[in-house]
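As they're listed, the protein sequences go chains A and B.
So that you can map any letter, position 94 of the first sequence is 115 in this note's numbering, and since no number is skipped, the others follow by simple counting.
So that you can map any letter, position 83 of the second sequence is 84 in this note's numbering, and since no number is skipped, the others follow by simple counting.
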Amino acid sequence: GNSVTQMEGPVTLSEEAFLTINCTYTATGYPSLFWYVQYPGEGLQLLLKATKADDKGSNKGFEATYRKETTSFHLEKGSVQVSDSAVYFCALGNTGNQFYFGTGTSLTVIP
Amino acid sequence: DGGITQSPKYLFRKEGQNVTLSCEQNLNHDAMYWYRQDPGQGLRLIYYSQIVNDFQKGDIAEGYSVSREKKESFPLTVTSAQKNPTAFYLCASSIWGQVPEPQHFGDGTRLSIL
Chain A
22 GNSVTQMEGP VTLSEEAFLT INCTYTATGY PSLFWYVQYP GEGLQLLLKA
72 TKADDKGSNK GFEATYRKET TSFHLEKGSV QVSDSAVYFC ALGNTGNQFY
122 FGTGTSLTVI P
Chain B
2 DGGITQSPKY LFRKEGQNVT LSCEQNLNHD AMYWYRQDPG QGLRLIYYSQ
52 IVNDFQKGDI AEGYSVSREK KESFPLTVTS AQKNPTAFYL CASSIWGQVP
102 EPQHFGDGTR LSIL
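Have a look at this one:
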């Protein structure tokens with residue numbers, strides 16, 4: 022079947038620290054992978070995506086590489102800011118446009 | 002700007018009452034989805050629709066109903082049969098194609114019991 026597992030939070034970092042949020046998946050076929058961000062009281066916003074193995078998605082300083090050999094799509098950012106505080110969701114999209122979301126990782130960045 | 006509009010932002014339901022959550026999109030997307038989000042949990046799929054006049058049950062459809070009479074609109078009704086409706090409801094839409102396209106989300110409706 023299809024599923025996404027991401028590291029549990031909450032994660033608290035100091036400003037300018039390095040961020041990694043782990044995400045692993047199980048899937049049939051050739052899924053696309055996504056990271057979404059959710060700010061309090063809002064819907065999810067697409068942060069980045071990758072559609073095939075070894076693709077690297079990037080946006081706003083965030084990066085994630087689609088690793089088929091380790092079935093992973095870890096989110097990284099070299100220097101976080103207070104404004105990055107949010108909940109981050111890893112997601113998998115598969116045949117039939119079926120999406121599977123992780124449980125979300127809450128990030129708080131302190132000045 | 003194109004996007005998805007959900008209304009109302011907050012909704013209160015009395016016991017035994019049905020309530021309807023609105024979702025409208027002007028992105029010309031074929032597919033639309035309803036998710037339920039509970040605190041500390043991921044998104045759970047309630048219903049989805051690929052085309053007008055067709056929709057499919059998701060993982061937690063019991064106690065909910067939908068309609069898709071227009072491409073732009075996908076309202077969700079929370080019926081009295083849904084015994085634990087308090088949650089944050091998210092509507093999404095996407096292009097329907099062979100390669101999964103990103104889903105675009107509205108800002109959600111928070112439903113509470115009076």
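Glycine included, each C-beta is placed from N, C-alpha and C at the ideal position.
Top-ranked residue by Cα proximity to residue i, from the options
{"i": "Asn62 of chain A", "options": "A:Val108, A:Thr124 and A:Ser35", "result": "Residue identity differs from the one stated: residue 62 of chain A is Gly in this sequence, not Asn. Answer by Cα proximity: A:Val108."}
{"i": "Leu40 of chain A", "options": "A:Val103, A:Thr126 and A:Lys98", "result": "A:Lys98"}
{"i": "Lys71 of chain B", "options": "B:Ile47, B:Met33 and B:Gly3", "result": "B:Met33"}
{"i": "Trp35 of chain B", "options": "B:Ile5, B:Gly98 and B:Gly17", "result": "B:Ile5"}
{"i": "Thr26 of chain A", "options": "A:Ala85, A:Ala112, A:Lys81 and A:Ser127", "result": "A:Ala112"}
{"i": "His105 of chain B", "options": "A:Asn43, A:Ser35 and A:Asn118", "result": "A:Asn118"}
{"i": "Trp97 of chain B", "options": "B:Leu46, B:His30, B:Pro40 and B:Gln57", "result": "B:His30"}
Contact check, residue i vs residue j, beta carbons under 8 Å
{"i": "Phe55 of chain A", "j": "Lys70 of chain A", "result": "yes"}
{"i": "Glu37 of chain A", "j": "Ser100 of chain A", "result": "yes"}
{"i": "Ser79 of chain A", "j": "Tyr46 of chain A", "result": "no"}
{"i": "Gln42 of chain B", "j": "Ser23 of chain B", "result": "no"}
{"i": "Gly114 of chain A", "j": "Phe120 of chain A", "result": "yes"}
{"i": "Val126 of chain A", "j": "Thr33 of chain A", "result": "According to the sequence displayed, residue 126 of chain A carries Thr and not Val. Not a contact, by the Cβ cut-off of 8 Å."}
Assigned exposure category for residue i - 16 Cβ within 10 Å defines buried
{"i": "Ser95 of chain B", "result": "buried"}
{"i": "Thr91 of chain A", "result": "exposed"}
{"i": "Ala74 of chain A", "result": "exposed"}
{"i": "Pro101 of chain B", "result": "buried"}
Neighbourhood of residue i by C-beta distance below 8 Å, restricted to the same chain and skipping five residues each side
{"i": "Thr80 of chain B", "result": "Asn19, Gly64, Tyr65 and Ser66"}
{"i": "Leu65 of chain A", "result": "Tyr57, Val58, Gln59 and Phe110"}
{"i": "Pro103 of chain B", "result": "Ser95"}
{"i": "Asn54 of chain B", "result": "Arg69 and Glu70"}
Other residues of its chain near residue i: CB distance less than 6 Å, five sequence neighbours each side excluded
{"i": "Ala115 of chain B", "result": "Looking at the sequence provided, one finds Leu at residue 115 of chain B rather than Ala. Hits under 6 Å: Phe13 and Lys15."}
{"i": "Ser74 of chain B", "result": "Glu25"}
Sequence-distant residues of the same chain with beta carbon closer than 7 Å to residue i, five excluded per side
{"i": "Pro86 of chain B", "result": "Arg14, Val79, Leu112 and Ile114"}
{"i": "Lys89 of chain A", "result": "Ala74"}
{"i": "Gln38 of chain B", "result": "Leu44, Ala88, Phe89 and Leu91"}
Can you give, in chain order, each stretch of the beta strand (DSSP E) that sits fully within the region 20-55 of chain B and has at least 3 residues? 20-26, 32-38 and 44-50
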